[in-house]
Amino acid sequence: MKNFLLLLKQNPRAILGLSILLLWILLALLGPSLLPYSFSQMDMDNQISRPGLNGHLLGTDALGRDILTRIVYGSRSILTIALMTSLFSSLAGILIGFTAGYFGGFWDTLFLRIMDIVMAIPPLVLSMVVLGILGDSTIASLTIIVSIAYTPATARVARGALLSCKGSEYVDAARIRGESDFYIMFVEILPNTLGPIIVEITARFAYSIMMIASLGFLGVGLQPPTPDWGMMVIENKSIIREAPWAVLYPSLAIASLVIAISLFSDFISKVMIHEK
Amino acid sequence: MKKILFALVIFVLGFSTANLFAGGEKETEDKMVIRVAEQVPNLITPGSWDGQAFSMNSSIYEYLLEMDAETGELHPSLATEWSTEDGKVWTFKLRQGVKFHNGSSFTSEDVKFTLERTQDPDLGHLKAQDFSIIERIDTPDDHTVIITLKSVRPTFMYQLTDYNMAILSSEYDYGKLGESAPMGTGPFKLSQLVPKESALLVKNPEYWEPSLPKAEELRIYFVADMEASVSLLEAGQVDVVPQVSPVIARRLTDAAGFKVVSPYQEHRFVALVADREPFSNNDVRLAMKYCIDPQILARACQGVLGETFFYNETPILNRLAQFKEITFRGRNIEKAKEHLAKAGYPKGLTVELYYASDHPYGSELAQTLKELAAPAGINLDLKGFPRDIYLSQYWLNAPMSITGWGVRVDPSMLLTLAYHSEGPWNESHMNDTEVDDLIDSIASEVDNAKRQSYYDRLQELFVERGTVLNIQVPYLVAMRSNVQDYRQPATMLCQYKYTYIE
Amino acid sequence: MEFFKRFSKRLGFMFVTLAVMSFIIFLLVEIMPGDVAQTVLGQSATPESLKALREAMGLNDPIMVRYFRWAGGILKGDLGESFYMRGVQISSIFWRRVGHSIVLALTALLFYVPLSLFFGVVAGVKAGKFTDSVISFFGLATMALPEFVSGVILITIFSVSLKILPITSVIPIGENLWQNLKILVLPALSITFVMFGYVSRMQRSSMINVMNSDYVRAAILKGMPRGYVIFRHALKNALLPSITIIGMNMGWLFGGLIVVETLFGFPGLGSLTMSAIKTRDIPLIEACVLFITLVFVVSTFITDMLYAYLNPRIRFKGGEA
């Protein structure tokens with residue numbers, strides 16, 4: 647841990663990324679209680695108001711709602727969904743990838759082929775079709791469907807990680823001891839593969855944010871008036887000339903979060919992988 | 003290798019720059035061409051046409067009667083005369099010498115076909131219910147149609163102006179060709195249709211009015227995004243954009259070279275469905291009504307209350323002759339809570355509100371209603387869906403809904419369809435004997451004064467215990483200043499045959 | 002010989018993939034909730050007319066029968082009839098849109114491939130220095146922007162300020178895409194941003210690896226001019242991984258087309274897919290998704306083969322890379 651902090655200090659970009667991420671998390675947790683408005687509150691005297699005027703730091707949209715407030719509330723749903731997606735898909739990926747890699751042979755080949763096939767549909771298209779036909783997106787449906795779309799990729803990483811450990815001595819030792827396969831996979835191998843897996847989780851986190859924002863943009867985000875960054879962009883696009891800030895700020899929010907996570911993910915990748 | 007890459011980079015940059023300045027719309031060689039950018043239509047065959055995107059169909063098809071855009075009076079179109087003695091038997095004399103675009107002659111057979119088609123069960127014709135009152139159609143000769151109704155309907159001729167009642171040729175297979183090759187008797191005929199992208203219409207040389215249409219060509223671009231359509235208008239690539247938002251209208255009115263007209267208001271009915279919880283109890287309906295602040299609704303739609311935006315609690319539009327001015331009850335959260343408590347909901351309630359998320363104003367109205375109702379304890383759970391899915395899956399089954407209704411010039415048609423207990427599109431499931439009686443009386447009453455008294459009583463009833471909130475939203479058409487004589491009456495059928503460019 | 006064996010094995014697998022995918026897509030779309038007949042006939046439909054329509058559409062047949070009917074049609078080139086727009090053959094709209102999307106995808110490729118490879122190489126060669134930092138940061142920033150964000154920013158710039166490029170992709174009546182190439186620019190640029198970031202970063206790290214490899218360092222130590230070493234030795238090997246990345250991202254690119262085409266109103270496969278989903282036009286959805294999958298599978302296959310061909314280790318020794 648101390649080693650980790652030391653390495654972190656040497657990497658200004660990672661610090662930047664981590665700080666932005668922590669800032670967003672802080673905003674998501676505490677922001678709503680600090681803000682004077684609710685995200686659906688309509689200030690009809692100040693519709694499409696410029697940033698800085700009348701108590702609206704980032705301006706208002708066509709319905710007079712405070713954009714800063716909506717962005718802060720929006721961060722909650724997007725962080726939650728993205729985090730859950732990256733965790734679920736990684737979990738599912740580990741289960742599937744480990745099983746395939748460990749038992750090898752027929753199962754492994756079958757697994758590889760199936761994953762290849764499922765990965766043939768771009769995740770955005772798959773999610774869009776399913777959510778579009780279902781019609782009504784909730785936090786649950788978004789999480790589940792995007793997780794399913796991402797699982798093949800994480801499964802491959804997990805499998806790769808397991809394969810590199812499979813031939814190690816401690817695995818042989820455990821086998822000789824008579825431990826069950828399950829034990830070997832999850833008690834012996836898993837801790838040693840955490841490096842690439844954690845890198846994968848952080849990378850998935852960034853992709854999830856982009857995916858969820860894109861789905862919101864395509865109209866299958868959370869139902870209004872719940873703020874959804876992607877939907878805020880498309881909602882306000884029609885007044886882009888009168889109120890460019892209504893589109894700009896949600897876009898910057900998305901970009902900053904993804905950049906932050908990517909910077910941190912880069913760093914983690916350097917640390918975890920080079921530690922081998 | 004690096005050199006190759008470098009060369010590629012230069013090529014790419016050069017290629018893109020070259021194309022920046024190439025292309026663009028060709029000069030139209032002195033032909034008068036009207037270019038329109040409007041919404042992407044879904045289905046366009048009359049009978050299935052859901053009233054989006056009027057430019058194409060209203061130019062290709064024609065109707066028995068046409069409405070004057072200024073006065074609202076009915077003028078002869080494909081029918082030259084119409085009369086009835088008892089309101090039950092209607093005689094129509096048809097225009098002679100009219101040809102369909104494919105050359106076949108227009109006769110009474112075509113009118114009969116068009117009307118009988120509404121009752122075809124395999125078609126799902128949107129006017130099936132409206133025209134189920136026809137008992138019999140006789141065609142004594144090629145230019146006379148005698149329609150016998152099952153009951154007296156003094157205002158029956160208005161039904162023939164409905165946009166789905168385009169006169170079709172009995173010899174044309176609209177089932178197969180209606181979507182890809184629409185064909186009628188109109189001033190413009192279809193030259194080329196790229197589904198969901200564009201349509202090229204050219205002047206019908208055999209049109210029955212030789213001096214019309216004034217333009218040679220009508221080019222229609224289907225553009226999903228309103229902002230995109232307006233950018234085409236501003237770039238000079240189109241001349242007319244039907245349906246722009248008030249924000250854009252303001253921008254264009256301020257800019258030079260454009261003008262915005264407001265032919266009518268569209269309406270959105272909020273249905274408080276009366277045959278199930280919670281709105282089965284009139285107190286709950288009244289509670290909802292006490293939450294409304296029309297001023298805020300108007301602002302949410304960027305309209306001005308009393309000018310481009312109207313609100314009332316009956317199905318009658320403010321600008322119609324039948325409208326009766328009733329003082330609005332005003333927003334009163336205390337009273338709303340009282341009514342809720344009386345109905346057995348002292349702690350408030352939750353109800354799902356279904357609406358079409360991609361229909362203009364749908365989303366704004368839904369969210370504003372939610373905000374307005376919240377302080378009284380009424381929690382509206384919003385469920386927005388794309389319009390087609392909303393209309394086909396949810397609309398008639400929802401406990402509360404927002405729906406855009408096409409303007410029906412004669413309100414009795416709307417009342418019979420939507421507020422009579424046996425009406426097929428009774429979205430609010432209203433079932434009130436007094437209301438039913440009044441609607442029936444209105445439909446059959448010949449005397450104008452008496453009919454108006456029924457209308458008055460009906461509107462009072464609706465305010466007392468009705469199931470609808472009537473929101474009338476701005477409908478604005480933007481165009482370049484040199485476009486003259488754009489006409490669009492309340493039937494929504496734009497009349498491009500009169501339009502010309504200076 | 003080894004290469005040929007690999008080729009046929011992969012080709013065979015490609016067909017299997019397509020067949021299985023087509024079934025999965027079919028299943029996925031057909032078992033979705035919502036009554037198709039109801040969507041077509043609307044709410045005022047009577048139960049009899051709904052039943053009749055379902056019968057006419059063949060919806061009452063068992064699912065395997067329906068699948069083979071559809072698949073058989075596809076193989077013959079018949080994409081079926083649109084559920085939503087009665088009487089309209091899907092083929093009549095589909096191929097035109099596909100053509101447009103292919104041109105858009107190729108334009109995007111034309112933009113981002115040279116740019117990202119070039120800058121990736123430069124960043125790799127000058128690793129650690131200022132140029133590298135600038136390029137890397139730019140790459141990271143653009144990679145973090147979903148396509149619709151970069152698209153919206155481009156629209157703002159070009160519609161509000163510069164006004165030289167059209168922000169909506171309308172083809173004037175009577176003309177075709179080739180006469181209106183400028184409508185491709187902004188949509189292609191939006192895609193380019195994201196792809197640039199990704200590929201340039203890959204290219205950079207690949208370049209760094211190669212520059213640090215023994216034979217390159219040896220060559221430089223031997224006294225050969227640096228530029229020469231870069232051109233002649235390093236580049237060839239550094240570019241190889243990027244080819245894989247570019248190929249594999251084709252599928253991703255086609256997914257991104259949905260967003261970009263919707264944003265700009267570009268008449269392509271992406272926007273067609275969107276409107277198919279919005280109207281629950283089942284056969285159209287199936288046709289669109291199947292084609293997107295086809296593109297991805299074929300491009301993966303071609304990339305694989307290209308990689309195997311160019312990588313001497315595989316070409317001559319025939320091992321799994």
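Residue numbers (this note's numbering), protein chains in the order written: chain W, 647 to 922; chain V, 3 to 504; chain F, 2 to 322.
A virtual CB, placed ideally from N, CA and C, is assigned to each residue, including glycine.
With a cut-off of 9 Å, does the C-beta of S359/V fall near any C-beta of chain W? As a working note, residue 359/V is residue 357 in the second sequence. Yes, its Cβ sits closer than 9 Å to a Cβ of chain W.
Check: P377/V C-beta below 8 Å from any heavy atom of the ligand NAP: Because no ligand of any kind appears in the structure shown, any question about the ligand NAP cannot be addressed here.
What's the gap between the Cα of V21/F and the Cα of D762/W? Locating residue 21/F in the third sequence gives position 20, counting from the first residue. Locating residue 762/W in the first sequence gives position 116, counting from the first residue. Near 11 Å, if we compare the C-alpha coordinates of D762/W and V21/F.
Could you have a look at A300/V and say whether DSSP puts it in helix, strand or coil? In the second sequence, residue 300/V corresponds to position 298, counting from 1. A300/V falls in the helix class under three-state DSSP.
Are any of the Cβ atoms in chain V nearer than 9 Å to that of I717/W? As a first step, residue 717/W must be located in the first sequence, where it is residue number 71. No, because no Cβ of chain V sits closer than 9 Å to the Cβ of I717/W.
Let's test the definition: count the other Cβ atoms within 10 Å of the Cβ of W96/F and tell me whether it reaches 16, buried, or not, exposed. Translated into positions along the third sequence, residue 96/F becomes position 95. Exposed, by the Cβ-count rule.
Please confirm if V99/F has its CB atom under 9 Å from at least one CB of chain W. Counting from 1 along the third sequence, the entry for residue 99/F is found at position 98. No, V99/F lies away from the interface with chain W (no Cβ there is under 9 Å from its Cβ).
Using 8 Å as the Cβ pair cut-off and three pairs as the minimum, do the region 666-673 of chain W and the region 897-915 of chain W touch? yes
Using a Cβ-Cβ cut-off of 9 Å, state whether G175/F counts as contacting chain V. One-based indexing of the third sequence puts residue 175/F at position 174. Yes, its Cβ sits closer than 9 Å to a Cβ of chain V.
Alpha carbon to alpha carbon, how far is I694/W from T726/W? What you label residue 694/W is simply residue 48 of the first sequence in a count that begins at 1. What you label residue 726/W is simply residue 80 of the first sequence in a count that begins at 1. Their backbone Cα atoms lie some 29 Å apart in a straight line.
Counting only Cβ-Cβ distances shorter than 7 Å, please list the residues of the region 390-420 of chain V near chain W, keeping chain order. I391
Determine, using beta carbons only, whether E366/F comes closer than 9 Å to chain V. Beyond the ends of chain F as shown, which are 2 and 322, falls residue 366/F; an answer cannot be given.
With 9 Å as the threshold, decide whether the Cβ of L770/W is near any Cβ in chain V. The count along the first sequence starts at 1 and reaches residue 770/W at position 124. So, not an interface residue.
Where F910/W falls, given that 16 or more other Cβ within 10 Å makes a residue buried: Counted from its first residue, the first sequence places residue 910/W at position 264. Burial call: buried.
According to the Cβ coordinates, are T280/F and G271/F closer than 9 Å? The residue given as residue 280/F occupies position 279 in the third sequence. The residue given as residue 271/F occupies position 270 in the third sequence. Not closer than 9 Å, so no.
Secondary structure of R696/W, DSSP reduced to three states: Taking the first residue of the first sequence as position 1, residue 696/W is located at position 50. In this structure, R696/W counts as coil in the three-state DSSP scheme.
So F325/V and G781/W are supposed to be a Cβ contact under 8 Å. How far apart are they, rounded? Locating residue 325/V in the second sequence gives position 323, where the first residue counts as 1. Locating residue 781/W in the first sequence gives position 135, where the first residue counts as 1. The pair is not a contact, with the Cβ atoms about 37 Å apart (cut-off 8 Å).
Please list the segments of the alpha helix (DSSP H) lying wholly inside the region 127-190 of chain F, counting only runs of 4 or more residues, in order along the chain. 131-144 and 148-156
With a cut-off of 8 Å, do at least 3 Cβ pairs link the region 171-181 of chain V to the region 91-109 of chain V? yes
Can you tell me where the beta strand (DSSP E) with N428/V in it begins and where it stops? As a working mapping, residue 428/V is identified with position 426 in the second sequence. No beta strand (DSSP E) holds N428/V; DSSP gives it neither H nor E.
Find the residues of chain V that neighbour E888/W, judging by a C-beta separation of less than 9 Å, and give them in chain order. Position 242 of the first sequence, counted from the start, is the residue given in the question as residue 888/W. Near E888/W (Cβ distances below 9 Å), the residues of chain V are V249, I250, R252 and R253.
Round the Cβ separation of L285/F and I91/F to the nearest angstrom and send it over; I've been treating them as touching at under 8 Å. Locating residue 285/F in the third sequence gives position 284, where the first residue counts as 1. Locating residue 91/F in the third sequence gives position 90, where the first residue counts as 1. That pair is a contact at about 6 Å.
Under 7 Å, CB to CB, which of the residues in the region 283-312 of chain F have a partner in chain W? I286, V290, I293, T294, F297 and V298
Which residues in the same chain have their Cβ closer than 7 Å to the Cβ of I666/W, if we skip the five residues on either side of it in sequence? Locating residue 666/W in the first sequence gives position 20, counting from the first residue. The answer, listed in chain order, is S902 and A906.
Opposite A53/F in the DSSP bridges: which residues? By one-based count along the third sequence, residue 53/F stands at place 52. Answer is none; A53/F lacks a bridge partner.
Determine the direct distance from the alpha carbon of E229/V to that of K183/F, and round the result to whole angstroms. Within the third sequence, residue 183/F is the residue found at index 182, counting from 1. Within the second sequence, residue 229/V is the residue found at index 227, counting from 1. Rounded to whole angstroms, K183/F to E229/V spans 19 Å at the Cα level.
What's the gap between the Cα of E447/V and the Cα of H101/F? Translated into positions along the second sequence, residue 447/V becomes position 445. Translated into positions along the third sequence, residue 101/F becomes position 100. So the two alpha carbons sit approximately 59 Å from each other.
First through last residue of the beta strand (DSSP E) which encompasses W407/V: In the second sequence, counting from the first residue as 1, residue 407/V sits at position 405. Its beta strand (DSSP E) spans residues M402 to W407.
Starting from the beta carbon of P268/F, find every residue of chain W whose beta carbon is closer than 8 Å, and list them in chain order. Residue 268/F sits at position 267 when you count from the first residue of the third sequence. Those within 8 Å of P268/F in chain W number zero; the least Cβ separation is about 17 Å.
Looking at the structure shown, is M774/W part of a helix, part of a strand, or coil, going by DSSP? As a working mapping, residue 774/W is identified with position 128 in the first sequence. M774/W: helix per DSSP, three-state reduction.
Which bits of chain V does M690/W rub up against, with CB to CB less than 7 Å? By 1-based counting over the first sequence, the position of residue 690/W is 44. In chain order: I298 and R301.
C-beta contact flag for D88/V and R482/V at 9 Å: Locating residue 88/V in the second sequence gives position 86, counting from the first residue. Locating residue 482/V in the second sequence gives position 480, counting from the first residue. It is not a contact, given that the beta carbons lie outside the stated cut-off.
Residue from S93/F, V123/F, V195/F and G198/F whose Cα sits closest to the Cα of F232/F: Here residue 232/F is taken as the residue at index 231 of the third sequence, counted from 1. Here the closest residue by C-alpha is V123/F.
Identify each residue in the region 370-383 of chain V for which the Cβ-Cβ distance to at least one residue of chain W is less than 7 Å, and report them in chain order. T370, K372 and E373
Mind checking if K198/V is an interface residue toward chain W, Cβ cutoff 9 Å exclusive? Counted from its first residue, the second sequence places residue 198/V at position 196. So, not an interface residue.
Report all residues from its chain with a CB closer than 6 Å to the CB of G862/W; omit the five preceding and five following residues, and keep chain order. The sequence position of residue 862/W within the first sequence is 216, counting from 1. Correct list, in chain order: D874, G876 and M877.
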